[in-house]
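Beneath this line is the structure, given in structure tokens, with notes to follow.
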Amino acid sequence: MEKNMDFIDGSERFDLQSALDRFSGDHELLEEAISIFKEEAVKHLEGIQANMDQNELKIISEKAHTLKGECGAVGAVKAQAISLTVEKSANGGDFVEVQKLFPLLEKEILLAIKLLPEVRKQLNS
1 MEKNMDFIDG
11 SERFDLQSAL
21 DRFSGDHELL
31 EEAISIFKEE
41 AVKHLEGIQA
51 NMDQNELKII
61 SEKAHTLKGE
71 CGAVGAVKAQ
81 AISLTVEKSA
91 NGGDFVEVQK
101 LFPLLEKEIL
111 LAIKLLPEVR
121 KQLNS
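The numbering of the sequence shown is my numbering, which starts it at 1 and goes up by one.
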């Protein structure tokens with residue numbers, strides 16, 4: 001019996017099947033990536049926020065780029081898309097847009113961190 005790997009909450013927040021595919025179907029590796037994501041994502045958010053205070057768009061872009069990759073690895077596609085937009089805005093020198101997007105990014109990352117344990121439960125079912 002095939003496990004249902006779609007974890008969609010109406011907003012297409014996660015694409016668990018794509019995440020699992022990135023790890024060649026290895027559930028344990030994906031679970032480990034989720035654990036790492038939960039730790040690292042907060043650090044990157046804090047780094048983005050700290051560098052917003054300093055108006056350091058290059059560093060913001062780098063941190064958003066890293067966060068984008070981490071989100072993609074675990075299938076947090078909505079957070080990944082917002083990270084990409086923050087990265088592009090920072091690269092384009094649009095500090096006002098970065099400031100506008102940060103609360104959305106923070107909300108989505110924190111929501112992903114909260115919901116990822118449910119994803120892990122689904123992986124084990």
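By construction, the Cβ of each residue, glycine as well, lies at the ideal position given by its N, Cα and C atoms.
Keep in mind it's a predicted model, so treat the numbers as computed, not measured.
For GLU118, which three-state DSSP category applies?
-> DSSP, read as helix, strand or coil, puts GLU118 in helix.
N-terminal and C-terminal residue of the alpha helix (DSSP H) that ASN51 is part of | Residues 27-53.
Would you decide whether LYS78 is buried or exposed? Buried here means 16 or more other CB atoms lie within 10 Å of its CB.
-> Counting Cβ neighbours within 10 Å, LYS78 comes out buried, since at least 16 surround it.
What first and last residue would you give for the alpha helix (DSSP H) that runs through ARG22?
-> For ARG22, the uninterrupted alpha helix (DSSP H) run begins and ends at 16-22, by DSSP.
If you pair each beta-carbon of the region 47-64 with each one of the region 14-26, do three or more pairs fall below 8 Å?
-> Remark: fewer than three beta-carbon pairs, one from each stretch, lie closer than 8 Å, so the region 47-64 and the region 14-26 are not flagged as touching.
Since ILE34 and VAL98 are thought to touch, with beta carbons under 8 Å apart, how far apart are those beta carbons, to the nearest angstrom?
-> Cβ atoms of ILE34 and VAL98 stay farther apart than 8 Å, at about 27 Å.
Just tell me which of GLU31, LYS58, GLU32, GLU62 has its CA closest to the CA of HIS44.
-> Of the candidates GLU31, LYS58, GLU32, GLU62, the one whose C-alpha sits nearest the C-alpha of HIS44 is GLU62.
Residue closest to GLN49, alpha-carbon to alpha-carbon, out of LYS114, LEU104, PRO117, LEU111 | Of the candidates LYS114, LEU104, PRO117, LEU111, LEU104 places its Cα closest to the Cα of GLN49.
Taking DSSP as the reference, what is the three-state secondary structure of GLU108?
-> Helix at GLU108.
Can you list, in chain order, the residues of its chain whose CB lies under 8 Å from that of GLY93, leaving out five sequence neighbours each side?
-> The answer, listed in chain order, is LEU57.
Best match in LYS107, GLN17, GLU87 for proximity to SER59 [C-alpha to C-alpha] | Per the sequence presented here, residue 59 reads as Ile, with Ser not at that position. For the options LYS107, GLN17, GLU87, the alpha carbon positioned closest to that of ILE59 is the one of GLU87.
Would the beta-carbon of GLU12 fall within 9 Å of that of PHE37?
-> No, these two residues do not count as a Cβ contact at 9 Å.
When burial is assigned at 16 or more other CB atoms within 10 Å of the CB, is LYS107 buried or exposed?
-> Result: exposed.
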